[in-house]
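Engineer: Handing you a structure now.
There are 2 protein chains.
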Amino acid sequence: MKRLLLASIATLVSLTSVSAVAQFQKPEDAVKYRKAAFTVMAAHFGRIGAMAAGRAPFDAAAAASNAEIVAAMSKLPYAGFVEGTSGTDKGSPKANVWTERAKFDDEAKKLQDEVTKLAAVAKGGNLDQVKAAFGSAAATCKSCHDHFRNP
Amino acid sequence: MKRLLLASIATLVSLTSVSAVAQFQKPEDAVKYRKAAFTVMAAHFGRIGAMAAGRAPFDAAAAASNAEIVAAMSKLPYAGFVEGTSGTDKGSPKANVWTERAKFDDEAKKLQDEVTKLAAVAKGGNLDQVKAAFGSAAATCKSCHDHFRNP
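Chains A and B, in that order, give the protein sequences.
The first sequence begins at 1 in the working numbering and counts up one residue at a time.
The second sequence begins at 1 in the working numbering and counts up one residue at a time.
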């Protein structure tokens, strides 16, 4: 089963190419899509965070399931960052997403790498390791938000 | 690679248990989550639909990637149908989601089964088969929407 789960993650990681097949009729569709993908990812990430912070009892199976979903979801939202969809509202992407696209893509890659590690670690069922991996993943969120997202 | 992809789907199907680990602080969070999950699923499903309908050129690899994502996403939204979140607005769930929950769950299962078949078929790269499987999957959407969703 562990091998199967790891194979699954490997497959999902290989779906990074999905961004190449992403097609949106209108910029608003891309914005709606990326927000939705982040919403789903954040819901599952938050459940691991609650366990990591001791706000919820540690359920190893639930942590592993949630982490697998986070790893899968982390591949999706970036396709929605199409040109011309920056903003100034709270939480919207700054224009530098597009003027510093290489850095932005690198931040995305870091998140994907860290949540892939988190998913692998979570299968081990060790809370301390989950806490550490969760912290590393959360740091990639913050790093990107600090630089590219309107506070 | 095919085996890997099928293993991935098998794993994701096994994540149906995810609904059991779903936890929402507030009913609004559940509503936001399920809408988001449907939004992501619909975006990818729609891309296959465009190919099936001839509105977009058939790209076998893209169809397979999109179908894999749809199959994964189909597991998620139902956890967001928590008690007390029916509505009367266009597109919101009717109260019978909860009074006829067994039927609703059965409709969800049908969708999950059909999109899992679609994902398997899409790997074969045959447009006619993709069209047929897409049609069967789309019929499960309509069946559920007709009965449980406000028009």
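By construction, the Cβ of each residue, glycine as well, lies at the ideal position given by its N, Cα and C atoms.
Just checking, does the stretch 81-94 of chain A make contact with the stretch 65-72 of chain A on the three C-beta pairs under 8 angstroms criterion?
Structural biologist: Counting Cβ pairs under 8 angstroms, fewer than three are found: no touch.
Engineer: Examine chain A for any beta-carbon lying closer than 8 angstroms to the beta-carbon of L127 of chain B, and answer yes or no.
Structural biologist: By one-based count along the second sequence, residue 127 of chain B stands at place 127. So, not an interface residue.
Engineer: Contact defined as beta carbons within less than 8 angstroms: I believe A132 of chain B pairs with G80 of chain B. What is the distance between those atoms, to the nearest angstrom?
Structural biologist: Translated into the one-based positions of the second sequence, residue 132 of chain B becomes position 132. Translated into the one-based positions of the second sequence, residue 80 of chain B becomes position 80. Incorrect: roughly 30 angstroms between the Cβ atoms, too far for contact.
Engineer: With DSSP run on the structure shown, which of helix, strand or coil describes R149 of chain B?
Structural biologist: Along the second sequence, one-based indexing puts residue 149 of chain B at 149. Strand, per DSSP.
Engineer: Rounded to whole angstroms, what's the CA-CA distance from V21 of chain B to G124 of chain B? Just pull it up for me.
Structural biologist: Mapped onto the second sequence, residue 21 of chain B falls at position 21. Mapped onto the second sequence, residue 124 of chain B falls at position 124. Note that V21 of chain B scores 38 on pLDDT, short of 50, meaning its location in the model is unreliable; the coordinates nonetheless yield the value given after this. Roughly 34 angstroms separates the two Cα atoms.
Engineer: Would you kindly work out how many angstroms separate the C-alpha atoms of A120 of chain A and N126 of chain A, rounded to a whole number?
Structural biologist: For this step, residue 120 of chain A is matched to residue 120 along the first sequence. For this step, residue 126 of chain A is matched to residue 126 along the first sequence. When rounded, the distance between both Cα atoms is 11 angstroms.
Engineer: At a Cβ cut of 7 angstroms, what residues of the stretch 20-50 of chain B count as close to chain A, listed as they run along the chain?
Structural biologist: Result list: V21, Q23, K32, Y33, A36, A37, T39, V40, A43 and R47.
Engineer: Please determine if the stretch 48-56 of chain A and the stretch 97-111 of chain A are in contact, where contact requires at least 3 C-beta pairs separated by less than 8 angstroms.
Structural biologist: No, because fewer than three Cβ pairs between the stretch 48-56 of chain A and the stretch 97-111 of chain A fall closer than 8 angstroms, the two stretches do not touch.
Engineer: Rounded to whole angstroms, what is the Cα-Cα separation between E114 of chain B and H145 of chain B?
Structural biologist: As a working note, residue 114 of chain B is residue 114 in the second sequence. As a working note, residue 145 of chain B is residue 145 in the second sequence. Computed Cα separation, rounded: 16 angstroms.
Engineer: Rounded to whole angstroms, what's the CA-CA distance from L150 of chain B to C141 of chain B? Just pull it up for me.
Structural biologist: Position 150 of the second sequence, counting from 1, holds the residue named residue 150 of chain B. Position 141 of the second sequence, counting from 1, holds the residue named residue 141 of chain B. For the sequence presented, residue 150 of chain B should be read as Asn rather than Leu. Going by the C-alpha atoms only, they are around 13 angstroms apart.
Engineer: Short of 9 angstroms Cβ to Cβ, which residues in the stretch 114-141 of chain A face chain B?
Structural biologist: For the stretch 114-141 of chain A, which is checked against every Cβ of chain B, not one residue is closer than 9 angstroms.
Engineer: Look up P158 of chain B in the DSSP assignment and say whether it is helix, strand or coil.
Structural biologist: A question about residue 158 of chain B goes unanswered here, because the residues of chain B that appear run from 1 up to 151.
Engineer: When the Cα atoms are used, what is the spatial distance from I9 of chain A to A72 of chain A?
Structural biologist: Position 9 of the first sequence holds residue 9 of chain A. Position 72 of the first sequence holds residue 72 of chain A. Because the pLDDT at I9 of chain A is just 46, under 50, the model does not fix this residue reliably, and the value given afterwards should be weighed accordingly. Going by the C-alpha atoms only, they are around 7 angstroms apart.
Engineer: What separation, rounded to the nearest whole angstrom, lies between the Cα atoms of M41 of chain A and G49 of chain B?
Structural biologist: The count along the first sequence starts at 1 and reaches residue 41 of chain A at position 41. The count along the second sequence starts at 1 and reaches residue 49 of chain B at position 49. Between M41 of chain A and G49 of chain B, the C-alpha separation is close to 25 angstroms.
Engineer: In chain order, what residues of the same chain have a beta carbon less than 8 angstroms from the beta carbon of S136 of chain A, not counting five sequence neighbours either side?
Structural biologist: Working through the first sequence from its first residue, we reach residue 136 of chain A at position 136. E114, K117 and L118, listed in sequence order.
Engineer: Could you confirm whether any beta carbon from chain A is found closer than 8 angstroms to the beta carbon of A60 of chain B?
Structural biologist: On the second sequence, residue 60 of chain B is found 60 positions in, with the first residue counted as 1. No, its Cβ sits nowhere closer than 8 angstroms to a Cβ of chain A.
Engineer: Does any C-beta atom of chain B lie closer than 8 angstroms to the C-beta of A152 of chain A?
Structural biologist: In the structure as shown, chain A starts at 1 and stops at 151, and residue 152 of chain A therefore has no counterpart that could be examined.
Engineer: L76 of chain B versus chain A: which residues are under 8 angstroms apart at the beta carbon?
Structural biologist: By one-based count along the second sequence, residue 76 of chain B stands at place 76. What L76 of chain B touches in chain A: V40 and I69.
Engineer: Between which two residues does the alpha helix (DSSP H) harbouring G49 of chain B extend?
Structural biologist: Looking up residue 49 of chain B in the second sequence gives position 49. Here the alpha helix (DSSP H) through G49 of chain B covers P27 to A52.
Engineer: Quick check on the DSSP output: the alpha helix (DSSP H) that includes V121 of chain B runs from which residue to which?
Structural biologist: Counting from one through the second sequence, the residue named residue 121 of chain B turns up at place 121. Taken as a continuous stretch (DSSP letters only), the alpha helix (DSSP H) holding V121 of chain B covers R101 to A122.
Engineer: Bridge partners for P93 of chain A per DSSP, in chain order?
Structural biologist: If you number the first sequence from 1, residue 93 of chain A lands on position 93. The partner list for P93 of chain A (beta bridge, DSSP) reads A:R149.
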